[in-house]
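These notes concern the structure reproduced below.
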Amino acid sequence: MKAILMTTAGEANVLKVADIAEPQLSSPTDILVRLKAAGINPIDIKLRSRGTFHPHRLPSVLGCDGAGIVEAIGAAVTKFKVGDAVYFCNGGLGGHQGNYAELTTIDEKFAAHKPQSLSFEEAAAAPLVLLTAWEALYDRARLQANHHVLIHAGAGGVGHVAIQLANIKGAKVCTTVGSEAKARFVRDLGAELAIAYKQVDFVQAAMAWTKGKGVDIAFDTVGGKLIEQTFAAVSIYGDLVTILEPPADLSWKVARTRNLRFSFELMLTPMLMGDIDLQVQQAQILKECAELFDQGKLKIHVSEVFKLEDAAKAHQLLEAGSMTGKLVLAS
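See below:
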């Protein structure tokens, strides 16, 4: 089968199209999926440039997100049948084969039926960002109706989904954006306030929006010094969740003074730690999100679709920054 191989860590040109052996069912609960599309995420860029979590197993196939059609099933599979359309976040970290390929295998416990209302490209763009935003807002920050939420980079992959998930719970959302086009985009998704951070102090804007209280929840998808800057925008006893590692020289003084609750969100943890129960929980989240998609309460924005063999070009575009929504590879 055709796949995109990463033979060494480096620039985007280390990704090469190649013919590799088709994966085989290795467990009675495995399903074989004919991939129609694979989502591209920042973790793919990091693994490609720095090395995977299993560097001794190169060459490797990247890509955590996938969507496709079940082509074969193990003897104990009960959740799916041949011909079913599925989507999932599985593999692509250097161990189990990723989804920049024509076929993959996955335990049925970790997959969900594809939302009927989404194309395969849209479905492949969704899992990682859905799980990240869901866990950050619902599980870490314990989001409630009428909470005021600040989401950084609301037009991005995680951000544009987070806005919608917050709205679904009845929260009010403000978000930082870098252009008027992105401001229109996030307002269409339900953001009450779009903060043009290049022209406006986002802390002052958030404080004015909350009448001096500060937001109940801040969700950081950018990292760096922005984490520290955001402390002052959060209400006393509020929550800040980040998907990035804070810099070593970050000052925690404001966070401590305001008695903030600080959380990390890494939706890859269940896969990295081999925690089957948590992986099953994530598949259940995808099932619930599929219902939200099909009810018209949730949507995913795909900015551009690339052919599988153009994976390097897609990586270069994502690395350039300022993305709206997601990029996808179509098999």
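For the sequence shown, the residue numbers in the working numbering are 16 to 346.
We treat Cβ as the ideally placed atom computed from N, Cα and C, and that holds for glycine.
Pick from W224, R157 and Y102: whose alpha carbon is nearest that of Q131?
Stepping through the sequence shown from its first residue, residue 131 is reached at position 116. For Q131, the closest C-alpha among the options W224, R157 and Y102 is that of Y102.
Taking 7 Å as the cut-off, does the CB of L208 come closer than this to any heavy atom belonging to the ligand MG?
Among the ligands in the structure shown, none appear at all, so the ligand MG cannot be discussed.
By how many angstroms is the C-alpha of T93 removed from the C-alpha of T67?
Locating residue 67 in the sequence shown gives position 52, where the first residue counts as 1. Locating residue 93 in the sequence shown gives position 78, where the first residue counts as 1. Looking at the two C-alpha atoms, the distance is approximately 33 Å.
What's the C-alpha gap between C104 and A82?
Counting from 1 along the sequence shown, the entry for residue 104 is found at position 89. Counting from 1 along the sequence shown, the entry for residue 82 is found at position 67. So the two alpha carbons sit approximately 9 Å from each other.
Using 8 Å as the threshold, is the C-beta distance between A70 and G109 below it?
On the sequence shown, position 55 is the one that residue 70 refers to. On the sequence shown, position 94 is the one that residue 109 refers to. The amino acid at residue 70 is misidentified as Ala; the sequence shows Pro. Between P70 and G109, the CB-CB gap stays under 8 Å.
Are the CB atoms of G193 and T236 nearer to each other than 8 Å?
Position 178 of the sequence shown, counted from the start, is the residue given in the question as residue 193. Position 221 of the sequence shown, counted from the start, is the residue given in the question as residue 236. Contact: no.
Between M222 and K228, what straight-line distance do the alpha-carbon atoms span, to the nearest angstrom?
Along the sequence shown, read from residue 1 onward, the residue named residue 222 stands at position 207. Along the sequence shown, read from residue 1 onward, the residue named residue 228 stands at position 213. Linking M222 to K228 through their CA atoms gives a straight-line distance of about 6 Å.
What do you reckon, are the CB atoms on V32 and R63 nearer than 8 Å?
Translated into positions along the sequence shown, residue 32 becomes position 17. Translated into positions along the sequence shown, residue 63 becomes position 48. It is not a contact, given that the beta carbons lie outside the stated cut-off.
Count the other CB atoms, across all protein chains shown, that sit within 10 Å of the CB of T91; report buried if there are 16 or more and exposed otherwise.
Here residue 91 corresponds to residue number 76 of the sequence shown, with the count starting at 1. According to the sequence provided, residue 91 is Ala. The question's Thr does not apply to it. Classification of A91: exposed, given that the 10 Å Cβ count is below 16.
DSSP state of T272, grouped into three classes?
Position 257 of the sequence shown, counted from the start, is the residue given in the question as residue 272. Note: T272 maps to helix in three-state DSSP.
Using 8 Å as the threshold, is the region 113-121 in touch with the region 169-187, meaning 3 or more CB pairs across them?
Contact annotation: the region 113-121 does not touch the region 169-187, with fewer than three C-beta pairs closer than 8 Å.
In the DSSP assignment, what residue or residues form a beta bridge with R49?
As a position in the sequence shown, residue 49 is number 34, starting the count at 1. BP columns for R49 point to I84 and L118.
Using three-state DSSP, classify M21 as helix, strand or coil.
The residue given as residue 21 occupies position 6 in the sequence shown. Of the three classes helix, strand and coil, the one that applies to M21 here is strand, per DSSP.
What span of residues does the alpha helix (DSSP H) with L204 cover, start to end?
Walking along the sequence shown from the start, residue 204 turns up at place 189. First-last of the alpha helix (DSSP H) with L204: E195 to L204.
Taking DSSP as the reference, what is the three-state secondary structure of S134?
As a position in the sequence shown, residue 134 is number 119, starting the count at 1. Three-state DSSP puts S134 in coil, outside helix and strand.
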